[in-house]
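Undergrad: Structure in structure tokens, see below.
Residue numbers (my numbering): 8 to 418.
If you want it as structure tokens, here you go:
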């Protein structure tokens with residue numbers, strides 16, 4: 008990039024941020040949904056006959072499909088439900104139903120904790136937008152399956168099954184990851200549908216345990232906490248997808264924020280509201296947060312005093328990768344948090360600025376050059392060498408959700 012071009016782009020960015028209040032977000036939403044229509048038609052054409060789900064686009068430009076047991080299998084259906092909500096076009100509802108109902112057997116799966124992502128992003132949105140009462144039982148069955156992974160001694164829902172830490176020595180018998188906060192929504196909804204308080208009680212216990220054991224004094228969080236299944240004691244605090252055990256993996260910070268906002272939504276317990284506001288402050292005010300609100304994949308990558316726990320060579324990367332998915336997950340959570348906080352406008356402003364910045368060519372796809380998804384430059388897992396700065400289905404999901412939440416807020 009030439010120096011003049013860089014200066015011009017920087018000026019445009021600064022002008023955009025300073026003029027955020029004058030931006031027509033209805034027009035911007037229309038612009039994004041128009042592009043998503045073009046992209047998703049290609050994605051559907053490529054994937055529908057396979058009964059698999061679109062997951063991400065590779066760096067080589069190929070659409071990668073996954074089976075229904077992939078943890079992200081519910082997001083593309085959710086994208087289509089949001090397209091239906093944003094456009095009112097019945098064709099997106101019909102497509103959403105297809106990609107939702109191929110996940111039918113997940114409601115009985117107890118293989119890991121991600122059934123909340125899988126089912127609530129698909130069937131949950133489907134119930135909300137179609138009113139199909141058959142989806143209610145799917146949600147209750149999913150909560151029952153998820154509850155099988157709850158242990159009263161640990162006070163948590165088990166995320167993964169047995170595995171080892173990066174050191175190849177430390178064994179995790181009951182690992183719980185911060186992402187698990189996102190699966191509590193299905194538990195609350197199941198209690199509301201069924202009248203059985205068991206599911207919401209598990210969710211509350213899990214959230215309280217996570218609040219106690221996952222979070223540091225500055226409201227950053229560990230990625231993984233491993234528990235003793237007999238005593239409930241913490242055996243290990245570590246990372247699996249972050250830079251170091253003590254660093255802040257950016258998507259994990261966003262998962263936690265979103266999770267405690269939804270805890271307040273369902274309980275109206277001010278403890279959760281206060282906790283969410285503190286997590287939000289950590290994210291918004293972090294000294295390593297770039298000005299455009301698109302965080303590095305870990306807030307402490309390459310920072311002094313932080314040594315990676317996995318085999319990492321900074322020379323393998325031309326730059327520190329950003330994670331667009333982390334930015335839009337946080338933006339969506341902030342839009343909801345704004346409804347509950349006495350200082351909500353700052354959250355709205357931050358979320359809107361994020362949307363404006365993500366909607367620029369640096370982060371958003373172009374129909375003539377890119378295929379399948381709306382947003383670029385998200386990170387799956389750098390330590391595992393997977394999905395490095397690519398379009399991901401869940402980045403699109405939380406971006407569309409943010410657009411819809413801004414739309415509702417302004418109306």
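Glycine included, each C-beta is placed from N, C-alpha and C at the ideal position.
(1) How about the segment 279 to 290 and the segment 343 to 350: do they share at least three Cβ pairs that are nearer than 8 angstroms?
(2) Looking at the secondary structure, which residues open and close the beta strand (DSSP E) in which residue 406 lies?
(3) Could you check which residue in 203, 73 and 234 has the C-alpha nearest to that of residue 146?
(4) Would you tell me roughly how many angstroms separate the C-alpha atoms of residue 357 and residue 411, rounded to the nearest one?
(5) Going by DSSP, name the residue or residues bridged to residue 305.
(6) Measuring only the C-alpha atoms, how far is residue 334 from residue 418?
(7) Can you give me the Cβ contacts of residue 64 inside the same chain, cut-off strictly under 8 angstroms, excluding the 5 residues immediately before and after it?
(8) Consult DSSP for residue 5 and reduce its assignment to one of helix, strand or coil.
(9) Beta-carbon within less than 7 angstroms of residue 408's beta-carbon, same chain only, minus the 5 sequence neighbours each way: which residues are those?
(10) Which residue's Cα is closest to the Cα of residue 144: 136, 128, 111 and 162?
(11) So who's on the other strand from residue 226, going by DSSP bridges?
(12) If the criterion is Cβ atoms closer than 8 angstroms, does the pair residue 308 and residue 385 meet it?
(13) Alpha carbon to alpha carbon, what distance is there between residue 35 and residue 292?
(14) DSSP three-state label for residue 234, please.
(15) Give, in chain order, every unbroken run of the alpha helix (DSSP H) that is at least 4 residues long and sits entirely within the segment 323 to 356.
(16) Can you name the residues that DSSP bridges to residue 283?
(17) Would you please state the rounded distance, in angstroms, between the beta carbons of residue 316 and residue 246? I believe it to be under 8 angstroms.
(18) With which residues is residue 397 paired in a DSSP beta bridge?
(19) Which residues in the same chain as residue 388 place their Cβ atom closer than 6 angstroms to its Cβ, once the five residues preceding and following it in sequence are excluded?
(20) First and last residue of the alpha helix (DSSP H) that includes residue 63?
(21) For a minimum of 4 consecutive residues, which ranges assigned as the alpha helix (DSSP H) are wholly contained in the segment 40 to 109?
(22) Exposed or buried, residue 255, counting other C-beta atoms within 10 Å across all chains shown (16 or more means buried)?
(23) So, using beta-carbon positions, are residue 120 and residue 153 closer together than 8 angstroms?
TA: To lay it out plainly:
(1) These segments touch.
(2) It is not in any beta strand (DSSP E) - residue 406 instead sits in the alpha helix (DSSP H) that spans 400 to 417.
(3) Answer by Cα proximity: 203.
(4) Their backbone Cα atoms lie some 16 angstroms apart in a straight line.
(5) DSSP, once it has assigned bridges, lists 256 as partnering residue 305.
(6) One C-alpha to the other measures close to 24 angstroms.
(7) Within the same chain, residue 64 has close Cβ partners 70, 71, 377, 378, 379, 380, 397 and 398.
(8) Residue 5 cannot be examined here, being either before or after the span of the chain that is shown, 8 to 418.
(9) Once the five neighbours on either side are set aside, the close Cβ partners of residue 408 are 89 and 339.
(10) The shortest Cα separation from residue 144 among 136, 128, 111 and 162 belongs to 111.
(11) In the DSSP output, where bridge partners are listed per residue, residue 226 has none listed.
(12) Between residue 308 and residue 385, the C-beta gap is not smaller than 8 angstroms, which leaves the two residues out of contact.
(13) When rounded, the separation of the alpha-carbon atoms in residue 292 and residue 35 is 26 angstroms.
(14) When secondary structure is reduced to three states using DSSP, residue 234 falls in the strand class.
(15) Complete alpha helix (DSSP H) runs here, min 4: 331 to 347.
(16) Partner(s): none; residue 283 has no beta bridge.
(17) The C-beta distance from residue 316 to residue 246 rounds to 7 angstroms, short enough to fall under 8 angstroms.
(18) The bridge partners DSSP lists for residue 397 are 385.
(19) Its chain contains 248 as the residues whose beta carbon lies nearer than 6 angstroms to that of residue 388, once the 5 sequence neighbours on both sides are disregarded; these appear in chain order.
(20) First-last for residue 63: 60 to 64, but that is the beta strand (DSSP E), not the alpha helix (DSSP H).
(21) Unbroken alpha helix (DSSP H) stretches of 4 residues or longer found wholly inside the segment 40 to 109: 82 to 94 and 97 to 108, given in chain order.
(22) Answer is buried; the Cβ neighbour count reaches 16.
(23) A distance below 8 angstroms separates the beta carbons of residue 120 and residue 153.
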